[in-house]
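Structure first, commentary second.
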Amino acid sequence: MGNKEIAIVGYGETPYSRGNESRGEQKLTSFQYLAWAAELALKNASITKKDLDNQGLATVRMPSSPAFWGCEVAETLGITPRLTLTTDHGGASAVNMLVQAAHALNAGEVDFVLCLASGAPQTGEGGHPPLEGYRRDFLPPFGFMGPNSLFATVFRRHMTEYGTTTEDTGIVALAQRKNANRNPGAYFYNQKMTMQDYISAKMIADPLRMLDCVMPVNGGEAFIVTTKENAKKFTDKPVYVKGYGTCDNYYGESKQTPDLTSMGMHVAAGRAYERANLTARNMDFVQPYDDYTIAVLMQFEELGFCEKGKSARFVEKNDISYEGQLPTNTGGGQLSCGQPGLAGGLINLIEGVRQLRGEGDQRQVKGCKNGMITGLGVLQYARHIGHYGALILSSEEA
Numbered sequence: 001m002g003n004k005e006i007a008i009v010g011y012g013e014t015p016y017s018r019g020n021e022s023r024g025e026q027k028l029t030s031f032q033y034l035a036w037a038a039e040l041a042l043k044n045a046s047i048t049k050k051d052l053d054n055q056g057l058a059t060v061r062m063p064s065s066p067a068f069w070g071c072e073v074a075e076t077l078g079i080t081p082r083l084t085l086t087t088d089h090g091g092a093s094a095v096n097m098l099v100q101a102a103h104a105l106n107a108g109e110v111d112f113v114l115c116l117a118s119g120a121p122q123t124g125e126g127g128h129p130p131l132e133g134y135r136r137d138f139l140p141p142f143g144f145m146g147p148n149s150l151f152a153t154v155f156r157r158h159m160t161e162y163g164t165t166t167e168d169t170g171i172v173a174l175a176q177r178k179n180a181n182r183n184p185g186a187y188f189y190n191q192k193m194t195m196q197d198y199i200s201a202k203m204i205a206d207p208l209r210m211l212d213c214v215m216p217v218n219g220g221e222a223f224i225v226t227t228k229e230n231a232k233k234f235t236d237k238p239v240y241v242k243g244y245g246t247c248d249n250y251y252g253e254s255k256q257t258p259d260l261t262s263m264g265m266h267v268a269a270g271r272a273y274e275r276a277n278l279t280a281r282n283m284d285f286v287q288p289y290d291d292y293t294i295a296v297l298m299q300f301e302e303l304g305f306c307e308k309g310k311s312a313r314f315v316e317k318n319d320i321s322y323e324g325q326l327p328t329n330t331g332g333g334q335l336s337c338g339q340p341g342l343a344g345g346l347i348n349l350i351e352g353v354r355q356l357r358g359e360g361d362q363r364q365v366k367g368c369k370n371g372m373i374t375g376l377g378v379l380q381y382a383r384h385i386g387h388y389g390a391l392i393l394s395s396e397e398a
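Counting along the sequence shown from 1, when you hit position 278 you're at 278 in our numbering, and nothing is skipped either side.
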């Protein structure tokens, strides 16, 4: 990342919607959500739209996006950036955007970078890749129908190897719903959940149930990064990037089908811990990417919060709600906030920033100073997950 310490100085998060008119929700386009999120982030950092000229713009390219996505976004926002960055790392895009922005800041190319993404799957824009993107000639004959089917095999393997049960993943779902019930911005803000609700939910791809999976929503998020030297110009509550790590195509050279219960997240997290000179013991909360409940359990193992195969026992013994021993996805995560397509990875990052600024309101983690944020992107047949990102944020300067 270079020698300059990087800080996040502003963020924006729109309400999440499914276009339900009975709830007074609108159906906006992905571009409208981009502009809305950008406006909120600029206001949060006391920046004007004019200030964006000759600075940096980072975006997440959606499956339906045109080839020249960064230019399209700049044109739509009506700005003239000096540098445009575009990532295609799926749920790991938030971490990768920040890393790319940090390199640009260290190179002195720009003074700050606006990072933003949106998704409007309920409007037919910016959702997941078309189902055909998950079909290979060796998958349909066996009934595989996209990411739900692929992650079901991961979940089943974890059950077989380590005795993980439906009730164990239910603990994750319930804890995050409890957190969401303290977050007015979460789509399931006022909707309670019991273990019986979870167990009785519709089976999607055995053993995955409806409440193991994210709820598609429309929305947009944005954050602004700069150097530590410039941070106080924008806010008196900057959040510092202490360490980061990424890993792509883990198991890339393996000729055999890999262990589906192992991820490359431990590689990304190891790099982040090393750069920050911190360990899992120093984390006051964790905001793991949560497209599925089993992904959260597996990341507890990969991030060093428990031993391999012991995540089920870990959540049975430890409270992972906002007021527990390891606060996890304190705003509800994607499981209870919703997933605005490939912009979903920004939800966890923005919640981490909010916590470290002491702006968590009723779900604030008391005295938190350090937190881990992760990202997972794209499911690959026989190679598990394609992209991994780990990020350590802190309220304290180096």
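C-beta atoms are modelled at their ideal positions from N, C-alpha and C, and glycine is treated no differently.
Should residue i go down as buried or exposed, given a rule of 16 or more other Cβ atoms within 10 Å for buried?
| i | result |
| --- | --- |
| F234 | buried |
| F142 | exposed |
| F305 | buried |
| S200 | exposed |
| Q26 | exposed |
| M62 | buried |
| L131 | With a pLDDT of 49 at L131, under the threshold of 50, the predicted position of this residue should be treated as unreliable, though the coordinate-derived value follows. Exposed. |
| K50 | exposed |
| M203 | exposed |
| A295 | buried |
| N44 | buried |
| E396 | exposed |
| G386 | buried |
| R354 | buried |
Starting from the C-beta of residue i, find all residues in its chain whose C-beta is less than 6 Å away, skip the five residues before and the five after it, and write them out in chain order.
| i | result |
| --- | --- |
| S375 | Checking the sequence shown, residue 375 turns out to be Gly, not Ser. So the list reads G91, A92, A94, V95, Y289, G345, G389, once near-sequence residues are dropped. |
| R18 | Q122, V217 |
| Y162 | G309 |
Determine the DSSP secondary structure at residue i, reduced to helix, strand or coil.
| i | result |
| --- | --- |
| H89 | coil |
| Q339 | strand |
| F112 | strand |
| A7 | strand |
| T123 | helix |
| R209 | strand |
| G163 | coil |
| G344 | coil |
| T169 | helix |
Just to confirm, are residue i and residue j a CB contact at a threshold of 8 Å?
| i | j | result |
| --- | --- | --- |
| I350 | Y16 | no |
| F112 | N230 | yes |
| T169 | L40 | no |
| L114 | A173 | no |
| L52 | I8 | no |
| L98 | V225 | yes |
| L391 | A272 | yes |
| L116 | L34 | yes |
| G245 | A268 | yes |
| A343 | G264 | no |
| I320 | G333 | no |
Less than 7 Å between C-beta atoms, sequence neighbours within five positions excluded: which residues of the same chain meet that for residue i?
| i | result |
| --- | --- |
| Y322 | N179, R182, T330, R363, V365 |
| M215 | Y187, G338, Q339 |
| W69 | T59, R61, T86 |
Where DSSP assigns a beta bridge to residue i, which residues make up the other side?
| i | result |
| --- | --- |
| G243 | I392 |
| E221 | E13, A117 |
| G332 | According to DSSP, which records beta bridges pairwise, G332 is partnered with nothing at all. |
| M372 | V286, I392 |
| P216 | Q339 |
| T59 | T86, L116 |
| Y292 | C213 |
| G377 | H387 |
For residue i, which residues of its own chain have a beta-carbon under 8 Å away from its beta-carbon, when the five flanking residues on both sides are left out?
| i | result |
| --- | --- |
| S165 | Going by the sequence as given, residue 165 is Thr instead of Ser. Excluding sequence neighbours, T165 sits near M159, A312. |
| A74 | L57, T80, P81, T84 |
| L278 | K242, G243, N370, I392 |
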